[in-house]
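From first to last, the protein sequence lines stand for chains A and B.
Per my numbering, the first sequence starts with residue 483, numbered consecutively.
Per my numbering, the second sequence starts with residue 20, numbered consecutively.
For each residue, glycine too, the CB sits at the ideal point set by N, CA and C.
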Amino acid sequence: MEFTPIIGLEVHVQLLTKSKLFCGCPNLFNPDNPNVQTCPVCIGLPGSLPVMNQEALRLSQKTAMALNLNLANFTKWDRKQYYYPDLPKAYQISQFDLPFSYDGWVEVTLPSSGETTKVRLIRAHLEEDAGKNMHDESGRGGDSKVDLNRTGTPLLEIVSEPDIRCAEEARVFLEELRLLLRYIEVSDCNMQEGSMRCDANVNLHVHEDGEKIPTPIVEVKNLNSFRGVEAAIEYEIKRQVKAWETDRKRIGDVPKETRGWDADRGQTFAQRGKEDAADYRYFPDPDLVPVTTTDEQLEAIRATLCVFPADRRKSYVNDLGLSEYDASVIVDQGREYADYFDEVTSVCGDGKQAANWLTQDVQRELNDRKIEIAEFSISAAVLGSVLQKIVKGDITIKSGREVFAELLKQSDDGTTVSAESVDAIIADKGLGKEQDTGKIDAAIQAVIDNERNAKAVEDVRGGKQQAVGPLIGQVMRELKGADAGSVRQMIIDKLTS
Amino acid sequence: MDITGSTTGQLLDAMQDGTVSAVDVTQAYLDEISAHGETIGAFLSVNSEGSLAQAAEVDRKRSAGEALGKLAGLPVAVKDNICTKGLSTTCASRMLENFVPPYDAHVTTQLQSADAVIIGKANLDEFAMGSSTENSALKVTRNPWNTDHAPGGSSGGSAAAVGARLAPLGIGSDTGGSIRQPASFCGVVGMKPTYGRVSRYGLVAFASSLDQIGPFATDVTGTARLLESIAGYDARDSTSVDQPVPNYSATVDQPLEGLRVGVVSEFFGDGIDSDVDSSVRAAIDVYRSLGAEVSEVSLPHTKYAVATYYLIACSEASSNLARYDGVHYGRRAEQFENMIDMYAASRAEGFGPEVKRRIMLGVFALSEGYSDQYYLKALKVRRLIRNDFDTALENVDVLAGPTCPTPAFKIGELVDDPLQMYLSDICTISANLAGIPGVSVPAGFSSNALPIGLQLLAGPFEEEKLLRAARMFERETDWHTKRPTFS
Ligand SMILES: [Zn+2]
Chain A
483 MEFTPIIGLE VHVQLLTKSK LFCGCPNLFN PDNPNVQTCP VCIGLPGSLP
533 VMNQEALRLS QKTAMALNLN LANFTKWDRK QYYYPDLPKA YQISQFDLPF
583 SYDGWVEVTL PSSGETTKVR LIRAHLEEDA GKNMHDESGR GGDSKVDLNR
633 TGTPLLEIVS EPDIRCAEEA RVFLEELRLL LRYIEVSDCN MQEGSMRCDA
683 NVNLHVHEDG EKIPTPIVEV KNLNSFRGVE AAIEYEIKRQ VKAWETDRKR
733 IGDVPKETRG WDADRGQTFA QRGKEDAADY RYFPDPDLVP VTTTDEQLEA
783 IRATLCVFPA DRRKSYVNDL GLSEYDASVI VDQGREYADY FDEVTSVCGD
833 GKQAANWLTQ DVQRELNDRK IEIAEFSISA AVLGSVLQKI VKGDITIKSG
883 REVFAELLKQ SDDGTTVSAE SVDAIIADKG LGKEQDTGKI DAAIQAVIDN
933 ERNAKAVEDV RGGKQQAVGP LIGQVMRELK GADAGSVRQM IIDKLTS
Chain B
20 MDITGSTTGQ LLDAMQDGTV SAVDVTQAYL DEISAHGETI GAFLSVNSEG
70 SLAQAAEVDR KRSAGEALGK LAGLPVAVKD NICTKGLSTT CASRMLENFV
120 PPYDAHVTTQ LQSADAVIIG KANLDEFAMG SSTENSALKV TRNPWNTDHA
170 PGGSSGGSAA AVGARLAPLG IGSDTGGSIR QPASFCGVVG MKPTYGRVSR
220 YGLVAFASSL DQIGPFATDV TGTARLLESI AGYDARDSTS VDQPVPNYSA
270 TVDQPLEGLR VGVVSEFFGD GIDSDVDSSV RAAIDVYRSL GAEVSEVSLP
320 HTKYAVATYY LIACSEASSN LARYDGVHYG RRAEQFENMI DMYAASRAEG
370 FGPEVKRRIM LGVFALSEGY SDQYYLKALK VRRLIRNDFD TALENVDVLA
420 GPTCPTPAFK IGELVDDPLQ MYLSDICTIS ANLAGIPGVS VPAGFSSNAL
470 PIGLQLLAGP FEEEKLLRAA RMFERETDWH TKRPTFS
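If you want it as structure tokens, here you go:
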């Protein structure tokens with residue numbers, strides 16, 4: 483059986499505003515103290531009225547720009563009506579026919595194949611989050627409770643076209659989305675805390691006798707981890723293949739099915755279907771006025787954007803000569819990490835050198851200490867000044883490592899290390915490369931004159947260049963710091979001329 | 020001094036010169052409420068202790084020489100769909116019978132900062148849905164001019180309270196005539212300001228795009244004084260308009276030179292009571308006699324106003340009232356099988372028949388497949404009705420006509436005929452659809468001694484012009500000085 487999986491994602495992302503979307507309550511994750519971040523507006527008391535949070539719209543527009551979405555100059559608010567205990571007004575303020583943004587795309591690269599694809603986006607719109615129902619899980623049938631702390635949190639809904647063709651692509655799309663949203667600092671995209679949530683629409687196009695047959699669409703709800711998204715889609719594809727083989731149901735033969743994901747059992751499961759299709763009776767919210775944004779206002783927002791991850795990866799490869807792999811490793815660590823890398827590069831003037839140090843020496847320390855780059859005690863400026871000395875040939879890489887270790891030691895002892903600390907360490911340890919050729923010359927002569935080296939000296943004179951190695955080592959030890967290449971050349975010159 | 024027979028101006032003067040104290044004034048109205056309150060049924064709750072405390076505070080401020088607000092010591096009857104912190108706000112519904120808001124409406128705060136005294140919460144049609152106050156689930160309110168008759172609605176409690184001199188001032192809300200029509204029925208002045216003039220924050224919503232809070236008083240000057248105290252921008256209401264509030268009471272006595280009055284021919288159509296017709300035409304003659312230029316104008320889409328209004332109002336109401344589901348507050352049914360059943364049972368028990376009728380109409384009008392031909396079409400017609408007013412007001416300053424085609428009908432007369440009841444609003448609802456201000460002033464009596472109201476309408480934010488025009492008529496007549504006798 484030949485088939486193509488067809489996958490579209492709906493992603494909900496909470497925005498990092500100080501206050502909620504339509505009231506002044508703080509926008510904070512606070513599950514331990516239910517119903518403290520509430521006011522008459524967000525709990526929908528009679529007579530209360532919403533007022534739009536401008537910052538939420540600004541962050542949404544910023545996000546839309548990063549997602550290559552078109553921005554509308556005119557947008558409005560609609561009520562989406564349904565009954566549920568976590569929805570105190572019995573309607574959600576959302577956007578129906580005139581979302582603030584539409585038609586965009588995200589570029590993703592699959593690690594398995596290296597293939598790059600564009601996942602198109604239908605729209606992104608802003609809406610208020612609902613509260614959270616908490617049911618008694620003891621099995622004793624206790625009352626369900628409702629926490630409205632989350633009610634009214636600004637929520638961005640991003641809807642993709644069904645452009646995704648495998649579970650891996652779905653996961654990578656989500657990871658790229660999270661990276662991008664974190665780069666532009668609009669959301670922390672924490673799937674465990676629910677600040678990023680995902681629903682997946684999955685079906686198959688079965689290829690049979692030159693015909694393309696779409697199977698019924700299944701929506702898998704509330705996927706709350708990247709692994710979960712990938713595993714649920716993989717499971718769902720396999721399940722749908724089996725379903726096709728047994729019942730041969732096509733799209734339209736049955737209503738769209740909603741399924742949940744049981745992460746423990748690694749299975750999707752049928753959720754109680756709605757008896758008839760939901761009619762949300764959308765209509766424009768008369769309590770809110772339509773919102774217009776001028777092109778000038780949009781340009782002002784655009785000016786606040788940083789370089790996006792995809793562009794950064796490209797620039798690291800094209801402008802700094804990094805490998806695709808290293809570029810991704812650095813960019814995918816997040817904005818602070820890439821910013822750190824950028825600063826080290828600009829101070830030392832060598833992106834490859836910076837990349838090597840960051841992905842090896844620095845990363846090892848971060849791993850050992852279980853810290854983020856922001857908490858690392860050696861600032862980018864200081865590391866950059868160490869690398870600059872290597873690049874300029876003032877110290878060897880090996881000496882650089884010694885300086886690095888000493889810097890860590892000093893900062894662990896409570897010293898704030900600076901570029902001056904770097905100079906002091908080099909001076910103290912005598913790690914500066916010997917530039918005095920007379921001194922180098924004398925050291926070389928001493929090694930040549932040493933009886934122990936008579937054999938090696940003879941070999942070099944006889945043309946066996948590999949015999950020069952031990953001699954270089956002795957000279958270097960003597961000098962503490964020198965350029966190995968020039969020492970080598972000087973020994974050969976001395977013995978063969 | 021005859022406190023309850025005085026106008027707000029007389030009361031303010033008397034309190035200022037020390038003839039009476041604020042406590043005297045409040046006590047006099049409380050005594051009146053004790054004596055006649057149950058005959059009229061204007062109040063759902065009387066704030067006896069609270070109002071006396073507020074009055075005492077006014078007296079204290081006055082004797083301490085502290086600055087006093089414009090309404091210092093004046094009792095106000097507040098419609099019971101306006102939130103008052105710590106005072107129950109029932110919307111005359113079983114659903115909210117025990118609801119005590121934890122916050123004040125903007126209007127409530129404005130009244131307090133003007134040093135007014137909130138004397139009680141006035142009856143209304145349940146959730147302001149009705150034209151007679153008969154839809155109150157909690158109380159019957161009677162017309163002070165004839166207790167067999169309805170006070171009008173939905174702000175019938177506030178209008179009856181002022182008409183019966185149980186309070187000198189009242190606050191109502193007007194969604195389709197709910198201030199002007201009961202003002203007309205009860206023989207008092209009532210005004211619906213421009214949409215956005217008074218913040219709706221804390222007004223329990225019926226139809227958000229039409230609801231507007233406004234004042235009642237026994238005379239135009241009192242109306243002006245109350246309006247200037249409650250109007251103004253409020254950031255908590257996105258539809259509130261940021262425009263300066265004129266000092267209406269300072270200019271209200273200035274007649275308008277060269278006033279042009281447009282008489283709306285559609286408001287004198289079939290079904291108009293002959294007493295209403297002759298009283299209103301006589302009122303227009305008063306303007307002629309004052310030198311105003313009077314002409315006939317037409318609002319051609321008036322015939323669609325009632326249908327348009329009910330589609331829009333009910334659609335919005337169906338959404339606004341969805342929150343009363345028994346989950347978070349309000350009435351929850353005792354007996355239910357599951358969650359869906361809890362919603363259904365709570366709403367079935369909590370809402371009265373008119374509210375249910377309108378919710379069902381609104382749900383239908385917004386349903387997928389129907390909203391194009393009902394709700395969205397109604398929005399288009401609403402635009403045409405607005406255009407009618409824009410055109411008519413190009414050549415005249417104010418529009419004039421009856422507030423209601425008939426005087427107050429009998430209690431029970433129209434309850435089984437909702438369509439006839441809806442037609443009672445025919446002259447008032449267009450102003451809500453257009454968002455413009457309107458005022459009803461006493462303009463005579465029917466042969467059976469029931470008050471008749473003259474309605475004046477003007478362009479957006481022309482309340483000052485409207486009040487001055489109304490006062491021009493009032494100073495030439497003595498209808499507003501008449502008081503009902505009841506026992
Ligand atoms: Zn809130």
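query: If you drop the 5 nearest sequence neighbours on each side, which residues of the same chain put their C-beta closer than 7 Å to that of V533/A?
result: F504
- prompt: Mind checking if V223/B is an interface residue toward chain A, Cβ cutoff 7 Å exclusive?
  reply: yes
- request: Please decide whether K871/A counts as near chain B, where near means a Cβ-Cβ distance under 7 Å.
  value: no
message: Rounded to the nearest angstrom, what separates G195/B and M616/A at their Cα positions?
response: 42 Å
query: Quick one: what's W839/A bridged to in DSSP?
result: Looking at the DSSP assignment, W839/A forms no beta bridge with any residue, so it has no partner.
task: Mind listing the chain B neighbours of Q496/A? Cutoff is C-beta to C-beta under 9 Å, in chain order.
output: By Cβ distance, chain B contributes nothing, its closest Cβ being about 22 Å from Q496/A, past 9 Å.
- prompt: Any heavy atom of ligand 1 within a distance shorter than 6 Å of the CB on V77/B?
  reply: no
- prompt: For I575/A, which residues in chain B fall below 8 Å Cβ to Cβ?
  reply: Within 8 Å Cβ-Cβ: nothing; I575/A doesn't reach chain B, min ~11 Å.
message: Between the stretch 301-320 of chain B and the stretch 425-442 of chain B, can you find at least three pairs of beta-carbon atoms closer than 8 Å?
response: no
query: With 7 Å set as the bound, which would you pick, yes or no: does the beta-carbon of H125/B sit closer than that to a beta-carbon of chain A?
result: no
Interface flag, L531/A vs chain B, CB-CB below 7 Å: yes
task: Determine the burial state of S903/A: buried for a count of at least 16 other Cβ atoms within 10 Å of its Cβ, exposed for fewer.
output: buried
query: Counting only runs that start and end within the stretch 307-384 of chain B, where is the alpha helix (DSSP H) found for 4 or more residues in a row?
result: 324-339 and 358-369
- prompt: Along chain B, in chain order, which residues have C-beta atoms closer than 7 Å to that of I719/A?
  reply: Here the premise fails: no neighbours, minimum Cβ distance about 32 Å.
- prompt: For L770/A and chain B, any beta-carbon pair shorter than 7 Å?
  reply: yes
message: Using a 10 Å radius around the Cβ and a threshold of 16 neighbouring Cβ atoms, would you call Y343/B buried or exposed?
response: buried
field: Cross-chain neighbours of D256/B in chain D, by beta carbon under 7 Å
entry: Among the protein chains of the structure shown, namely A and B, there is no chain D.
message: I want to check one thing, is the minimum distance from the CB of C507/A to the heavy atoms of ligand 1 below 6 Å?
response: yes
field: Contact list for E368/B against chain A, beta-carbon separation under 8 Å
entry: Correct list: empty, because the minimum Cβ distance to chain A is about 16 Å.
- prompt: With respect to the alpha helix (DSSP H) encompassing T591/A, which residues constitute its N-terminal and C-terminal limits?
  reply: Unbroken run through T591/A is the beta strand (DSSP E), S583 to T591; no alpha helix (DSSP H).
- request: For R8/B, go through chain A and note every residue whose CB falls closer than 7 Å to its CB, in chain order.
  value: Nothing in the structure corresponds to residue 8/B, since chain B is present only between 20 and 506.
query: Cβ-heavy atom distance between C102/B and ligand 1 below 6 Å?
result: no
message: Measuring straight from C-alpha to C-alpha, what distance separates V929/A and K891/A?
response: 35 Å
message: Looking at ligand 1, does it come within less than 6 Å of C16/B, judged from the CB to the closest heavy atom?
response: One cannot answer for residue 16/B here, as it falls past the ends of chain B, which runs 20 to 506.
task: Give me the Cα-Cα distance between V811/A and V654/A, rounded to the nearest whole angstrom.
output: 14 Å
- prompt: DSSP beta-bridge partners for E116/B?
  reply: DSSP, once it has assigned bridges, lists no residue as partnering E116/B.
- prompt: Given 8 Å as the limit, is there contact between the stretch 21-30 of chain B and the stretch 152-167 of chain B, that is, 3 or more CB pairs closer than that?
  reply: no
task: Note down, in chain order, each residue of its chain lying with its Cβ closer than 8 Å to the Cβ of T240/B, except the 5 sequence neighbours on either side.
output: T26, T27, G28, S268, V271, D272 and R490
query: By a C-beta neighbour count over all protein chains shown, 10 Å radius and 16 as the cutoff for buried, is P570/A buried or exposed?
result: buried
task: Using a cut-off of 7 Å between C-beta atoms, extract the partners of E335/B located in chain A.
output: P768
query: If you count every other CB in all the chains shown that lies within 10 Å of the CB of Q496/A, and 16 or more means buried, which is it?
result: buried
task: Could you tell me the boundaries of the alpha helix (DSSP H) in which P421/B lies?
output: From DSSP, P421/B is part of no alpha helix (DSSP H) but of the beta strand (DSSP E) over V417 to P421.
- request: Please find out if some non-hydrogen atom of ligand 1 comes closer than 6 Å to the beta-carbon of V523/A.
  value: yes
- prompt: Using a Cβ-Cβ distance under 7 Å, would P567/A count as near chain B?
  reply: yes
query: Do we get a CB-CB distance below 7 Å when we pair K891/A with the residues of chain B?
result: no
- request: Just list the beta strand (DSSP E) runs in the stretch 119-179 of chain B, keeping only unbroken ones of 3 residues or longer that don't cross its boundaries, in chain order.
  value: 136-141
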